[in-house]
Every structure is written in structure tokens, then in C-alpha cells.
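Asks: Following this message is one structure expressed as C-alpha cells.
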Amino acid sequence: MESHDNFAYLLPFIFFVFGCTFLFLERWGSASSRYWGFGYVSAALGFASPLILAGLPVPVQAIVSNAFFLAAFFFYGHAFLTRFGQPVLLAERLIFCAAALLGISYLIIVKHDLRGELAVSDIACATLLVIPLWQAHRHIRRPIDRLLGAMVGLAIADSLVRVSALLILTSSGTYASLEEFVASDYAFFMQMTASVIGFLMALTVLGTVMLDIVWQHRHAAEHDPLTDLLNRRGFERAMPDFNKESFPSGAVLVCDIDHFKLVNDRFGHAAGDMVIVGLAAALRDGLPADALAARFGGEEFVAFLPGVTLAEVGVLCNAIRLAFAARDWRESGVIQQVTASFGVSSTARGDHSVHDAIGRADACLYAAKSAGRNQVVMEGQQAADPPTQLRVVSATDLRA
1 MESHDNFAYL LPFIFFVFGC TFLFLERWGS ASSRYWGFGY VSAALGFASP
51 LILAGLPVPV QAIVSNAFFL AAFFFYGHAF LTRFGQPVLL AERLIFCAAA
101 LLGISYLIIV KHDLRGELAV SDIACATLLV IPLWQAHRHI RRPIDRLLGA
151 MVGLAIADSL VRVSALLILT SSGTYASLEE FVASDYAFFM QMTASVIGFL
201 MALTVLGTVM LDIVWQHRHA AEHDPLTDLL NRRGFERAMP DFNKESFPSG
251 AVLVCDIDHF KLVNDRFGHA AGDMVIVGLA AALRDGLPAD ALAARFGGEE
301 FVAFLPGVTL AEVGVLCNAI RLAFAARDWR ESGVIQQVTA SFGVSSTARG
351 DHSVHDAIGR ADACLYAAKS AGRNQVVMEG QQAADPPTQL RVVSATDLRA
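Numbering (full-length UniProt numbering), first residue to last: 1 to 400.
Next comes the structure, spelled out in C-alpha cells:
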């Protein structure tokens, strides 16, 4: 009996510590941590209710304890849905919790049916996890997420096994009172399995949250905050190794915005930032999905396109150039045409790194700038004649 009492004190403490840990980790940007924290704190209060509310009538203790457990599983499901970006069905799940608590209260106060109360409580808690698991199962892809899904599935199975064992192995008069049930081996093993599964699920959640935080910091370190393209560091890390036997064949493009300083000086840095974001979007939309596009600084962009020929990337660059030149920037506060120039080079067997190909593409970009801008120059190709410059004219300019 003493071991039962010690366990009754230890279990709420462990769950409370996990809950506080998850609430603390929310500071680092994990959207689901808050709800995991609320869930584990609620479960801790549920396990601690008989100790905290010892002076209250037993039916009140039972109802409050069930309310905390329903809240715990509600928040577990909410955290799971939030993690995978699924609709949280807040109103529907709250109504379900309220209905379940009303049913449990009826069984406690009116029917005095402890067996029915336990069965309804376990089924309700399992349902609060079944729905989120079913909604999100197609979005579970990473190994750590599969492990989390397995832990949630194990918690569901544990609840259903407990219900089955309760209904099969006991009758309506097995436990004459709540005190008799709390002192029973069934209650001890119920707490034991719940604590083990809850502990394992907490460790899994902690792993997913920590990996998410690491990924967020790595993403921030390797991506440009303005455009969300790779930065120079991220580009170099993502590039294939030129020193390996499997040579990374493909092409490199370098581009920048023509007369960008004039755009900044005339229309302001905020408008200039919008133009930079616009070129980044044009590159993202116009390049293949496996291309590595990066902002190297200022208005300069670099991209590596694996497995494409020089001619193919030249066609892509020209399409991006035309789309960018045709864009109307007046909503961004820019009342003139903005163009971009491109230099293109292919990787070569003698290259020690991608920077060799970037250097050749940069020379082509310089040729495009010297020839009048707003054009694509490929390695080994002469720049075209300067194109006719177009200008977006506003109604105010026409009246002037």
C-alpha cells in the first residue's frame, strides 16, 4: 500500500514537470508546445485530485478528476492537430468534452455507477485522440513524427484495453466505493500503464519539439530573411560535392536588378525590398523544383540547376527576365519599369567548386550589363544589342 501512495505522489510530479518544460519550450517558436504543456499539466492535476481535494466529497473529487483528464486529452489532440497544420475543430471537440463530462457526472451522482463512469471516461479520452490521429495520419512523414503517431496510437490502445478489461473482468458491484477502487490492483495498474505511456509520449514530444527548434534555427541560419531563399552559407551547404566521383553536372545563373540603386534612391528602401522580393518570387516560380536558388547579398541572386544544359537554362532565364520586366510595380510605390540581367555558365570537369562556375556566370552578367542590361548572356555567347527600355507611366506622368 505504501508503494501505491508513493506512486500517487510521484506520478503527478513527473507529468507536471513535463508540462512546465513544454510551456517553457514554447518561447523558441514551437506552436504545439503550449498545448502539450497544458495537456500534461491537466493530467498532473487529474492524478493529484484525490490528494489535493481530499477534504471534499468523493463525487466532487471524481468529477473534478475526470474533468482534468478530459482536458488533458483535449489538449493532446489539439497539440497533435496543430503540429500537422490540421483544422482543430475547436467547437466540436469542446461540445464533445462537455457532453462526456455531463454523462460521467450523471453516472457518479445519479446512478452511482463507478464501472460505467470509468468506461465512459476511457472511451471519451480515446475518442479525443482518435479523431486527431485520423485527421493527420496522411501528413505524418518524418521518422520522429511516425514515432509520435505510434505513441498516440498506443495511448488510444491502452484506453480501449482498459475499458475491455473492465467490462469483461468486473461486474457492476465489483467496487462498492471509489475508495475501494483507488486501493485496488486494477487502479494501480491503470495508473502504471498510463504513466509509462504518458512518459514515453512525453519523451517523444520532447524529441519532436527539440528537432523543430533545431530545424528553425538552422533554417534561419541558412536562409535570407527577406526572400526566404537560401543565403550564401545555405547555398554552399546544399551544393553537391565537386570532389566526389559523381560530378554535379548542371548550370549556374547569376542575376541582379538593373539600376537598383536608383530604385532605392528614388522610391525608398522599402520599395527596393519589394522589388528584391519580386525577383526572388520570379526565380522561385520560374526555376525547376530541384534548383538551388540563393540571395548572395543586395540585389544579387545565384542559382544552381542540376542536370540541365546551358541552352535549357538560357530559355528559363529569358522567360524569368521577360516576366520580371513586364511586372507593374505601382502597388509597391515604384512607377517605372524594373529589369534584371542574367549571366549563365555550365559546370565543368575542371571546377574545384561551384564558385568556378559562378565566376564564369558573373563574367557573363558583366557582359550583359555592359551591353545595355535587361538580357541573358550565356557562356561563350556575345551579348545582344541593347534592348529598347520600356517604362510604366502613371496617369500623373501623362498629365504632366
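Yeah, the Cβ is synthetic: ideal placement off N, Cα and C, and Gly gets one too.
Quick caveat: nothing in here was measured; it's all calculated off a predicted structure.
Whole angstroms are fine: how far does the CA of A67 sit from the CA of D40?
Replies: For the sequence presented, residue 40 should be read as Tyr rather than Asp. Computed Cα separation, rounded: 14 Å.
Asks: Let me know the secondary structure DSSP gives Q389 once reduced to three states.
Replies: Confidence in Q389 is poor, its pLDDT being 45 and thus under 50, which makes the residue's placement too unreliable to answer from.
Asks: Among H219, A62, I358, D212, which has the Cα closest to the Cα of W28?
Replies: Among H219, A62, I358, D212, the Cα nearest to that of W28 is on D212.
Asks: Identify every run of the alpha helix (DSSP H) within the segment 12-56, keeping only runs that are complete inside it and at least 4 residues long; order them along the chain.
Replies: Listed in chain order, they are 33-52.
Asks: If you measure between the beta carbons of R330 and V338, is that distance less than 9 Å?
Replies: No.
Asks: Considering only C-alpha positions, which residue in the set I197, I168, E26 is nearest to L147?
Replies: Answer by Cα proximity: I197.
Asks: Within a Cβ cutoff of 8 Å, which residues of the same chain sit near R391, ignoring the five residues on either side of it in sequence?
Replies: Because the pLDDT of R391 is 45, which lies under 50, any placement of that residue in the model is unreliable, and the number read from its coordinates should be weighed accordingly. Q336, Q337.
Asks: Which residues does DSSP pair with E300 in a beta bridge?
Replies: Answer is D256, G297.
Asks: Scan the segment 356-385 and note each continuous beta strand (DSSP E) run of 3 residues or more that stays entirely inside, going in chain order.
Replies: If we require 3 residues or more, the beta strand (DSSP E) runs fully inside the segment 356-385 come out as 376-378.
Asks: Look up M340 in the DSSP assignment and say whether it is helix, strand or coil.
Replies: Met is not the amino acid found at residue 340; the sequence shown has Ala there. Three-state DSSP puts A340 in a strand.
Asks: Quick check on the burial criterion: 16 or more other C-beta atoms within 10 angstroms. Buried or exposed for P132?
Replies: P132 should be labelled buried.
Asks: In chain order, what residues of the same chain lie with their CB nearer than 6 Å to the CB of L23, ignoring the 5 residues before and after it?
Replies: The answer, listed in chain order, is G37.
Asks: For V209, count neighbouring C-beta atoms within 10 Å of its own C-beta (all shown protein chains included) and say buried if the count is 16 or more, exposed if not.
Replies: Result: buried.
Asks: On the three-state DSSP scale, how would you describe G268?
Replies: Coil, per DSSP.
Asks: Count Cβ pairs between the segment 246-256 and the segment 217-236 that sit closer than 8 Å; are there 3 or more?
Replies: With a cut-off of 8 Å, the segment 217-236 and the segment 246-256 do not count as touching, because too few Cβ pairs lie within range.
Asks: Leaving out the 5 sequence neighbours to the left and right, which residues in its chain are closer than 6 Å to Q389 when beta-carbon positions are compared?
Replies: Low confidence applies here, because Q389 scores a pLDDT of 45, under 50, leaving its location unreliable and the question unanswered by this model.
Asks: I think L253 touches A361, with their Cβ atoms under 8 Å apart; what is that distance to the nearest whole Å?
Replies: Contact holds; Cβ gap of about 6 Å.
Asks: Bridge partners of G250, per DSSP?
Replies: The partner list for G250 (beta bridge, DSSP) reads P306.
Asks: Just list the residues that DSSP pairs H223 with in beta bridges.
Replies: In DSSP, H223 forms a bridge with L230.
Asks: Alpha carbon to alpha carbon, how far is R218 from A271? Give it in angstroms, no decimals.
Replies: A271 and R218: Cα-Cα distance of roughly 29 Å.
Asks: For Y9, is the classification buried or exposed, using 16 other Cβ atoms within 10 angstroms of its Cβ as the cut-off for buried?
Replies: Counting Cβ neighbours within 10 Å, Y9 comes out exposed, since fewer than 16 surround it.
Asks: Tell me which residues share the same chain as I257 and place their Cβ nearer than 8 Å to its Cβ, disregarding the 5 neighbours each side in the sequence.
Replies: The residues are V263, V275, I276, L279, E299, V338, T339, A340.
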